[in-house]
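For any residue, its number in our numbering is found by taking its place in the sequence shown, counting from 1, and adding 405.
Following: one structure in structure tokens, then a few remarks.
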Amino acid sequence: MADGSTFVQAFTILFREGLEALLVVAALAAFLRRAGAAERIRPVYAGAGLAVLASFGMAWVFEAFFDGNHNDMIEAGVIVVAAGLMFTMSGWLFLRQDPAAWKAEINRMAERAMGAGTVLSLAGIAFLAVFREGAETVLFLHALARTAGGFDASLLGGLAVAAAALAVVFVAMQWLALRLPLRPVFLITSAFLFVMGLRMVGAAIQEFQEQVILPVHNDGVPDLVTALGFNGSWEALGVQGAIVLCALVWLVMRRARSGAGLAARPQVTG
406 MADGSTFVQA
416 FTILFREGLE
426 ALLVVAALAA
436 FLRRAGAAER
446 IRPVYAGAGL
456 AVLASFGMAW
466 VFEAFFDGNH
476 NDMIEAGVIV
486 VAAGLMFTMS
496 GWLFLRQDPA
506 AWKAEINRMA
516 ERAMGAGTVL
526 SLAGIAFLAV
536 FREGAETVLF
546 LHALARTAGG
556 FDASLLGGLA
566 VAAAALAVVF
576 VAMQWLALRL
586 PLRPVFLITS
596 AFLFVMGLRM
606 VGAAIQEFQE
616 QVILPVHNDG
626 VPDLVTALGF
636 NGSWEALGVQ
646 GAIVLCALVW
656 LVMRRARSGA
666 GLAARPQVTG
């Protein structure tokens, strides 16, 4: 029975902690492949791989100097930077599907794929998404191994099944992206990164709340909020709502400018 419990715990730790990071990396890879810039995927994978190594290093630091307890302030800083990159990339992708600039942008992408700055941003998102979960995953697994008698067959089996499940998710996302028209891929990836950015903002606020830097008020917050993985406090919802409002205002202003630009164009008559 203990072996079964260890298997389930190992599977849950890796799958739960790895799913969010893998979804981000898979979405970026699917976008690049579908946009005809498959050769630019390597920096994204490199960022994710470097994050895995950095996660082991950070886990060692936490284990050696903080008795296995992660530092909430460091994690909050990483999350804030990751959220900022995700919002930036979300806006970049949304702009690239704008009908007024669509054809010209596609032609430019066909000629030079994607700028170095954009690729570095994608790699940075992959690094931070994996790094945010990585060190915590290593620490959780280390603690589980200590209580379960080491990395035995049951623990390793749980990790293997979780890794296989994550691989299936990754392949499924690539398969789906290849069968969607390019514009929906941009829109879906943009929306996904925006929602992930909102979740990370909530996670950063939670880190500050755990340090009693920010208050926590959650009376009346629907259970669905926490069920979806969001911070279930009014403080987090207020900040996230303000971000959504800013995004909507930005969208309306862009639409208004686009409409004014089209109206100002001279009409060609026969």
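Cβ atoms here follow ideal geometry from the backbone N, Cα and C, with glycine treated the same way.
- Take the alpha-carbon of Ala442 and the one of Val626: they are about 43 Å apart.
- One Cα belongs to Leu571, the other to Ala608, and the distance between them is close to 22 Å.
- For Val535, the three-state secondary structure derived from DSSP is helix.
- Around the beta carbon of Ser638, 16 or more other beta carbons lie within 10 angstroms, which makes this residue buried.
- In this structure Ala456 touches Phe536 by the C-beta definition: roughly 4 Å separates them, less than 8 Å.
- Ser638 carries a coil assignment under DSSP once its states are collapsed to helix, strand and coil.
- Under the three-state reduction of DSSP, Gly441 is assigned to coil, being neither helix nor strand.
- When DSSP assignments are scanned along the stretch 578-655, the uninterrupted stretches of alpha helix (DSSP H) that are 4 or more residues long and fall wholly within it turn out to be 587-615, 628-632.
- Between the stretch 491-501 and the stretch 572-579 there are fewer than three inter-stretch CB-CB distances shorter than 8 Å, so the stretches are not counted as touching.
- Taken through DSSP and simplified to helix, strand or coil, Gly482 comes out as helix.
- Secondary structure at Gly554: coil, using DSSP grouped into helix, strand and coil.
- Close CB contacts of Thr631 within its chain, under the 8 Å cut and outside five residues either way in sequence, are with Gly637 (chain order).
- The shortest CA-to-CA distance from Phe467 to any of Ser526, Ala435, Ala540 is the one to Ala540.
- Counting other Cβ atoms within 10 Å of its Cβ, Gly529 reaches 16 or more and is therefore classed as buried.
- Excluding five sequence positions before and after Arg438, the CB atoms of its chain that fall closer than 8 Å to its own CB belong to Ile446, Gln579, Ala582, Leu583, given in chain order.
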